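Data first, discussion second: the structure below is written as structure tokens.
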Amino acid sequence: MARATRSGPQTDEMCRTRPGMAHLAGFAALVLDRDGCVTHWGGGAMRLFGRSPERAMGHNICDLVLRGTRRDTVRKALAEVAAGEPWSDVLAAECADGQVHEVAFNWEPLRWPGPWGAVMVTAADASGPRRPGGSAAGDERLALLHELSTRISGTLDPVKAAEDVVAVTVPRFADGASICVAEGLLRDSGHLDHAADGSVTVRRLAHGLDPRSPRHDDWPAAFPTGEIAAYGPGSPANRCMATGTPTVHDSGAFEPRELLRLREVLGEAALAALGRCSFLVAPLTARGIVLGFIAFSRDAGRPAFDAHDLTLAADLASRAGICVDNARLYSLERRTAQALQQDLAPRTLNVPPGVQVAHRYLPASAMTVGGDWYDVISLSETRMALVIGDAMGHGPVAAGAMGQLRAAVRAFAGFDIPPHEVLRRLDLMAEDMESIQCATCLYATVDLATRTCALSRAGHPPPILVDPAGTASVLDLPTGLALGLGDPDFSHAFCTTEVDIPPGSTLALYTDGLVESREQDIDTGIATLVGHLSSPRATLEASCDAIIAALPHRYDDVALLLTRTT
1 MARATRSGPQ TDEMCRTRPG MAHLAGFAAL VLDRDGCVTH WGGGAMRLFG
51 RSPERAMGHN ICDLVLRGTR RDTVRKALAE VAAGEPWSDV LAAECADGQV
101 HEVAFNWEPL RWPGPWGAVM VTAADASGPR RPGGSAAGDE RLALLHELST
151 RISGTLDPVK AAEDVVAVTV PRFADGASIC VAEGLLRDSG HLDHAADGSV
201 TVRRLAHGLD PRSPRHDDWP AAFPTGEIAA YGPGSPANRC MATGTPTVHD
251 SGAFEPRELL RLREVLGEAA LAALGRCSFL VAPLTARGIV LGFIAFSRDA
301 GRPAFDAHDL TLAADLASRA GICVDNARLY SLERRTAQAL QQDLAPRTLN
351 VPPGVQVAHR YLPASAMTVG GDWYDVISLS ETRMALVIGD AMGHGPVAAG
401 AMGQLRAAVR AFAGFDIPPH EVLRRLDLMA EDMESIQCAT CLYATVDLAT
451 RTCALSRAGH PPPILVDPAG TASVLDLPTG LALGLGDPDF SHAFCTTEVD
501 IPPGSTLALY TDGLVESREQ DIDTGIATLV GHLSSPRATL EASCDAIIAA
551 LPHRYDDVAL LLTRTT
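So for the sequence shown, the working numbering puts the first residue at 1; every next one is plus one.
Put into structure tokens, the structure is as follows:
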């Protein structure tokens with residue numbers, strides 16, 4: 001089967017409305033970035049404004065349909081959306097018929113903006129023909145699109161996004177809804193899976209029915225959530241994914257395997273009654289690819305789907321596709337970052353005899369991973385290196401930077417050079433690596449024979465030393481510049497300080513996420529940490545637990561490394 005996209009580019013002429021089809025151009029969904037440039041252009045936008053995706057993508061909305069006017073209004077709208085507030089107004093825009101129409105715009109912030117955009121826009125022709133029933137029908141469609149985008153714009157789980165789409169559209173738009181996404185995309189293969197016979201494999205993420213529907217009790221058994229199914233080239237689902245066009249059909253268009261299952265679950269009488277039901281299948285698309293499809297159904301007692309519903313379903317599917325794909329990409333990014341972090345972080349710390357170590361790492365939330373890291377490196381039977389750092393940011397980039405820094409520190413530690421020289425070489429390396437834009441680091445070598453510790457830091461919070469009597473004090477070390485800032489005078493960027501560490505002393509290394517928050521400045525946090533380290537605990541593990549429990553660490557990753565000489 002051919003790739004599941006449109007067979008050729010959409011020209012502006014193809015996007016123009018044809019006589020008798022003006023009602024299809026009434027509703028549009030699109031996405032803008034923070035500057036007002038188009039990042040997603042759905043089918044409704046093509047029909048309403050008569051611009052192809054190739055012409056629309058990357059262009060400012062003012063230049064595209066507002067003809068350069070109302071820039072102040074658009075700037076105001078973008079500012080309000082950036083502040084988290086929705087914005088709506090009626091603006092004059094050039095539409096598909098080449099005429100200027102009054103178009104009602106509704107702009108809403110995407111709760112998790114990213115490369116996919118920051119502003120979800122709904123547009124409706126406020127002056128053109130309306131569906132029978134007048135403006136109330138158009139208002140209901142806008143309200144449905146608005147509720148859908150509001151509910152799912154901040155969802156970062158594909159299944160939850162699909163469930164929310166079903167919850168919004170059933171029963172307002174249909175008696176039943178089902179969302180299926182290509183299994184290959186969910187497995188991160190990046191494409192639809194096509195079998196030799198042209199069938200495509202999808203996974204059903206969500207399914208819902210109106211409790212009043214006669215199918216409510218039996219239908220879920222025929223089409224269970226989570227099922228992986230293959231749709232042949234003759235099925236409506238496969239055709240809509242291949243053409244990118246929504247279609248209406250009845251039960252006669254079901255796949256033979258689907259009819260067999262329905263016959264087993266519902267029985268012949270109920271299956272015959274399905275012929276009077278109406279089904280609508282629309283493709284889920286985002287960023288130029290087809291993700292899957294959304295299927296709507298209406299029971300016999302409700303009006304069958306018509307051309308107006310096809311238009312609304314296309315816009316609903318466009319919004320759902322964007323949000324499902326955002327969640328899918330976020331899940332992929334998070335899994336990638338977690339894999340990097342797990343593979344690159346030390347599984348065990350090689351500690352020489354006479355030393356106790358306890359450590360903790362806590363991400364800012366279960367949904368994010370960052371660049372905080374630490375390590376203990378054995379240099380000899382009586383010497384070891386301690387290192388802790390923070391590569392700024394979150395996600396795979398920060399995790400990758402963390403892994404590169406850790407690997408480099410281990411390599412440099414093998415030369416047994418002073419701490420400031422290790423940081424100088426790290427800084428040189430960071431200048432040539434795009435993934436390391438800014439990182440802090442503290443490197444120390446501990447000599448158990450001489451009972452001394454040599455330390456140097458690059459923009460990192462100062463370490464805390466607890467003497468055998470339990471008195472904790474912040475070590476006064478030169479701050480140094482963070483790695484990657486490109487200081488031209490390397491001879492003075494970092495320096496090494498040596499301190500005594502009597503037996504029974506504890507050295508605490510940590511990242512700023514432990515001691516700094518929106519409610520607490522870093523000096524207050526360090527003072528609080530000093531107080532907890534001054535309170536003796538039976539073990540270092542107990543000290544770690546007490547510190548983590550006492551200090552606020554809700555907004556950033558946290559790394560803590562406690563080392564005690566015995």
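We put the CB at the ideal spot given by N, CA and C, even for glycine. The model shown is predicted, which means the values in this text are computed figures rather than measured ones.
Identify the continuous beta strand (DSSP E) that holds residue i and give its terminal residues.
i: D556; result: Element bounds for D556: n/a, residue is neither H nor E.
i: R55; result: Element bounds for R55: not the beta strand (DSSP E) but the alpha helix (DSSP H), 53-56.
i: S535; result: Segment: none, S535 is in no beta strand (DSSP E) and carries neither H nor E.
i: A513; result: Sequence inspection shows Gly at residue 513; the Ala mentioned does not correspond to that position. Premise fails: G513 lies in the alpha helix (DSSP H), 512-515, not in any beta strand (DSSP E).
i: T440; result: 439-447
i: I292; result: The amino acid at residue 292 is misidentified as Ile; the sequence shows Gly. 289-298 is the span of the beta strand (DSSP E), which, as asked, contains G292.
i: P283; result: 278-286
i: E498; result: 497-500
i: L48; result: Looking at the DSSP string, L48 is not in any beta strand (DSSP E); the run it does join, the alpha helix (DSSP H), is 43-49.
i: A358; result: 355-362
i: A458; result: 452-458
i: A472; result: 472-474
i: A229; result: 228-231
Looking at the secondary structure, which residues open and close the alpha helix (DSSP H) in which residue i lies?
i: E421; result: 419-431
i: P236; result: 236-243
i: L185; result: 183-186
If you reduce the DSSP assignment to three classes, tell me which class residue i lands in.
i: L605; result: In this structure the chain extends from 1 to 566, so residue 605 is not present and cannot be described.
i: T122; result: strand
i: H146; result: helix
i: V168; result: helix
i: A196; result: coil
i: G128; result: With a pLDDT of 46 at G128, under the threshold of 50, the modelled position of this residue cannot be trusted; read the value that follows with caution. The answer is coil: DSSP assigns G128 none of H, G, I, E or B.
i: I377; result: strand
i: Q99; result: coil
i: V31; result: strand
i: S88; result: strand
i: N60; result: strand
i: A83; result: coil
i: F412; result: helix
i: H308; result: helix
i: A493; result: coil
i: M21; result: Unreliable placement is indicated for M21, whose pLDDT of 35 sits below 50; the coordinate value is still reported in the next sentence. DSSP places M21 in coil when its eight states are reduced to three.
i: N350; result: coil
i: D390; result: strand
Count the other CB atoms, across all protein chains shown, that sit within 10 Å of the CB of residue i; report buried if there are 16 or more and exposed otherwise.
i: Q99; result: exposed
i: A313; result: buried
i: P461; result: buried
i: L428; result: exposed
i: A96; result: buried
i: A118; result: buried
i: R451; result: exposed
i: T471; result: exposed
i: V90; result: exposed
i: R518; result: exposed
i: E431; result: exposed
i: S135; result: For S135, the predicted structure reports a pLDDT of 43, less than 50, and the residue's modelled location is therefore unreliable. A value from the coordinates is still provided. Counting Cβ neighbours within 10 Å, S135 comes out exposed, since fewer than 16 surround it.
Identify which residue in the options has its Cα closest to the Cα of residue i.
i: F105; options: A79, H146, M433; result: H146
i: A527; options: A221, V119, S473; result: S473
i: A482; options: D467, E102, Q437, I464; result: Q437
i: D512; options: T563, E541, Y361, G400; result: Y361
i: E333; options: P303, I377, A398, M392; result: A398
i: T311; options: A327, G370, P283; result: P283
i: E381; options: A411, L423, P478, N350; result: N350
i: P158; options: E431, A327, A538; result: A327
i: A508; options: V65, L477, V466, M392; result: V466
i: G43; options: P236, P352, R204, G288; result: G288
i: L561; options: D372, T450, G480; result: D372
i: V202; options: P536, G226, T169; result: G226
i: L291; options: V168, C323, A307; result: C323
i: R276; options: T506, G354, P214; result: P214
i: G84; options: A430, L66, M120, V103; result: M120
i: P418; options: G393, G403, L48, V387; result: V387
i: P256; options: Y330, A458, A230; result: A230
i: I152; options: A439, L316, R47; result: L316
i: D63; options: T496, V38, L379, E102; result: V38
Going by the C-beta, is residue i closer than 8 Å to any heavy atom of the ligand ADP?
i: G226; result: Here there are no bound small molecules, and the ligand ADP is not part of this structure.
Task: the region 500-516 touching the region 440-458, judged by at least three CB pairs closer than 8 Å - done: yes
Open item on the list: I'd like to know if the region 74-90 and the region 46-54 are in contact, where contact means that at least 3 CB-CB pairs between them fall below 8 Å.
Closed with: no
Open item on the list: Pairs of beta-carbons, one from the region 162-180 and one from the region 286-301, closer than 8 Å: are there three or more?
Closed with: yes
Open item on the list: Across the region 533-550 and the region 350-364, are there enough close Cβ pairs to call them in contact, namely three or more that are closer than 8 Å?
Closed with: yes
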